[in-house]
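Taking my numbering, the leading residue of the sequence shown gets 2, the next gets one more, and so forth.
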Amino acid sequence: AGMQGHFELNVFKPVMAANFLQSARLLGDAAVSFNEHCVSGIRPNLGRIKALVNNSLMLVTALNTKIGYYKAAEIAKAAHKNGTTLKEEAVRLGYVTAEDFDEWVKPGNMTKPLD
């Protein structure tokens, strides 16, 4: 709409403003409806969340500073290829012990803001 105005005082600006306000209202109403009809009442399945997080390949980034990027990448690729966990592959490849892995890889530390 704004491209059709030929003067500095663009006659289409009120149309653009009205469309923006309509879109903002629509987005706001959608957010309220989403909250009322979807989000409200949802309870997390903590067991499923823990399983998904512990099987996530992103956790390998915690090993970068301990064993280096290339070894960490090798662990992630092997876990993905073999359908195993990062911990299983890290121990199998001999790059870390199970105890070191548990000490270094803590998802909770990776998902909160830094101080």
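No residue lacks a Cβ here, since even glycine has one placed at the ideal position from N, Cα and C. Quantities reported herein were computed from a predicted structural model and do not represent experimental measurements.
Can you tell me the Cβ-Cβ gap for residue i and residue j, rounded? I've got them flagged as a contact below 8 Å.
| i | j | result |
| --- | --- | --- |
| Ala73 | Asn83 | Between Asn83 and Ala73 the Cβ distance is about 16 Å, and since that is not below 8 Å, they are no contact. |
In terms of residue numbering, what span does the alpha helix (DSSP H) encompassing residue i cover?
| i | result |
| --- | --- |
| Lys82 | 70-83 |
| Arg26 | 14-35 |
| Gly95 | Counting along the chain, Gly95 falls outside any alpha helix (DSSP H), and DSSP gives it neither H nor E. |
| Asn110 | 108-111 |
| Ala1 | Nothing can be reported for residue 1, as the shown portion of the chain is limited to 2 through 116. |
Taking residue i as the reference, give the member of the options with the closest Cα.
| i | options | result |
| --- | --- | --- |
| Thr98 | Leu53, Ile68, Leu27 | Ile68 |
| Leu53 | Leu87, Lys113, Leu94, Leu115 | Leu87 |
| Glu104 | Asn20, Ala63, Thr85 | Ala63 |
| Leu60 | Ser41, Glu89, Val12 | Glu89 |
Can you tell me which of the three DSSP states residue i falls into?
| i | result |
| --- | --- |
| Ile50 | helix |
| Pro45 | coil |
| Asn56 | coil |
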